[in-house]
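Numbering (the numbering used here), first residue to last: 60 to 340. Virtual Cβ for every residue (Gly too), placed ideally from N, Cα, C. Right, one structure below, let's go through it.
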Amino acid sequence: MQIIEQIADMRRWSEGERRQAHRIVFVPTMGSLHEGHLSLVRDAKTRGDRVVVSIFVNPMQFGPSEDFAKYPRDLPRDTSMLEALGVDILFHPTVAEIYPVGYQTHIEVENLSVPLCGMVRPGHFRGVATVVAKLFNIVQPHLAIFGEKDFQQLQIVRRLVRDLSMDIEIVGHPIVREADGLAMSSRNAYLSIEERRAAVCLSRALCKVEKLVRRGETSAAVLLHWVTAEIAQEPLAQIEYAKLCDADSLQDIDRVQGAAVLALAVRFGRARLIDNRVIKN
Ligand code: AMP
Numbered sequence: 060m061q062i063i064e065q066i067a068d069m070r071r072w073s074e075g076e077r078r079q080a081h082r083i084v085f086v087p088t089m090g091s092l093h094e095g096h097l098s099l100v101r102d103a104k105t106r107g108d109r110v111v112v113s114i115f116v117n118p119m120q121f122g123p124s125e126d127f128a129k130y131p132r133d134l135p136r137d138t139s140m141l142e143a144l145g146v147d148i149l150f151h152p153t154v155a156e157i158y159p160v161g162y163q164t165h166i167e168v169e170n171l172s173v174p175l176c177g178m179v180r181p182g183h184f185r186g187v188a189t190v191v192a193k194l195f196n197i198v199q200p201h202l203a204i205f206g207e208k209d210f211q212q213l214q215i216v217r218r219l220v221r222d223l224s225m226d227i228e229i230v231g232h233p234i235v236r237e238a239d240g241l242a243m244s245s246r247n248a249y250l251s252i253e254e255r256r257a258a259v260c261l262s263r264a265l266c267k268v269e270k271l272v273r274r275g276e277t278s279a280a281v282l283l284h285w286v287t288a289e290i291a292q293e294p295l296a297q298i299e300y301a302k303l304c305d306a307d308s309l310q311d312i313d314r315v316q317g318a319a320v321l322a323l324a325v326r327f328g329r330a331r332l333i334d335n336r337v338i339k340n
């Protein structure tokens, strides 16, 4: 595996691969890799000829009081994990390489960035959309894989690619969970032992909703009542939001009709966890 830090080198490599008609699959990450990321990489291996993984903790998507400085980083461990999976390129640019002095251009996916995490993390999705557009321009992939764990991010990237006429296929990858149901996340490392145990309530609440919908319940008010009741049983959990939305527009809905998404953001101490389930009736 080759590690590339410079934009020009990354672009030169991709141009060479494209000239040989190789299909480039891209998995963007912020590092501190876990089995969820690795599952995306394994998926990537099956979808093309070359796999590029990026590790870039993007300062633009963190708010001033968020965890950019403390975000877990472990490049040697990440490198050996990616090497073992047979990744071709690890793209690991510096912040100065991505945002040189004088940087002032941003991408905003307007409506999809407003609800859910957009409400509580102003500017977050502007940072995500900007860095994803830049990484796509640099890596020039044919296909890119994103986790459904960050469901709003996935929908924003799909919209961005369509709106900016980028010739890149976007693939969503199912949420990878721990044995007890907790969605894997780099931020799970912030949980104390008690918080880790309590955090299972997110996936428990999502399973409960799925069961209720299967039994015929469609009312958002009723479903959200059960979700919040389930999570409220854990004194360590502080709900930031629990929403039932249309899976495409992410607008609140009153009833489940077609594809809906139940989206959760819950704080446990200094860890902010998100999870979701797509529900169809
Ligand atoms: P991150 O490093 O958190 O920015 O995540 C990089 C990519 O991995 C994003 O597309 C995430 O949605 C995806 N991802 C992170 N955790 C999981 C998970 N538990 N299951 C599936 N995808 C995930």
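Neighbour-count burial assignment, residue i, 16 or more Cβ in a 10 Å radius
i    : result
K302 : buried
D313 : exposed
D226 : exposed
K270 : exposed
G177 : buried
A188 : buried
H183 : buried
A288 : exposed
D311 : exposed
V160 : exposed
P294 : exposed
I252 : exposed
Near ligand 1: residue i beta-carbon under 7 Å from a heavy atom
i    : result
L99  : yes
M89  : yes
V235 : yes
F184 : no
K129 : no
S245 : yes
D209 : yes
G317 : no
G206 : yes
A242 : yes
H96  : yes
H151 : no
H232 : yes
Separation of residue j from residue i, as counted between CA atoms
i    : j    : result
V337 : V220 : 22 Å
P135 : E276 : 49 Å
E167 : D222 : 11 Å
E125 : A330 : 11 Å
A67  : L250 : 39 Å
D307 : D108 : 31 Å
M119 : Q65  : 19 Å
L149 : V191 : 16 Å
Q79  : L144 : 23 Å
L91  : K339 : Sequence inspection shows Ser at residue 91; the Leu mentioned does not correspond to that position. So the alpha carbons of these two residues sit roughly 33 Å apart.
F152 : L141 : This sequence places Pro at residue 152; Phe is not what is there. Roughly 16 Å between the two C-alpha positions.
R185 : H93  : 25 Å
A324 : Y300 : 5 Å
R255 : P233 : 22 Å
P123 : L261 : 27 Å
Q316 : H165 : 35 Å
S113 : L97  : 13 Å
I63  : G231 : 26 Å
Given residue i as reference, the closest of the options once Cα atoms are compared
i    : options                : result
I298 : A257, G317, T153       : A257
V111 : L144, Q79, I83         : I83
L341 : V146, R236, L309, Q61  : Beyond the ends of the chain as shown, which are 60 and 340, falls residue 341; an answer cannot be given.
W285 : L295, Y300, P294, L265 : L265
S245 : R106, F127, I62, V320  : F127
K208 : Y158, A103, L99, R326  : L99
H81  : H96, R106, T88, Q211   : R106
L282 : I290, A248, V272       : V272
M69  : G95, H96, E156         : E156
Q292 : V259, H183, V268       : V259
D133 : K267, A318, A248       : A248
CB contact below 8 Å: residue i versus chain C
i    : result
H151 : In the displayed structure, chain C is absent; only one protein chain is listed.
Contact between the region 166-175 and the region 203-221: three or more CB pairs below 8 Å? yes
Does the structure place the region 193-212 close enough to the region 71-91 that three or more beta carbon pairs sit under 8 Å? yes
Are at least three pairs of beta-carbons, each pair with one atom in the region 233-253 and one in the region 277-293, less than 8 Å apart? no
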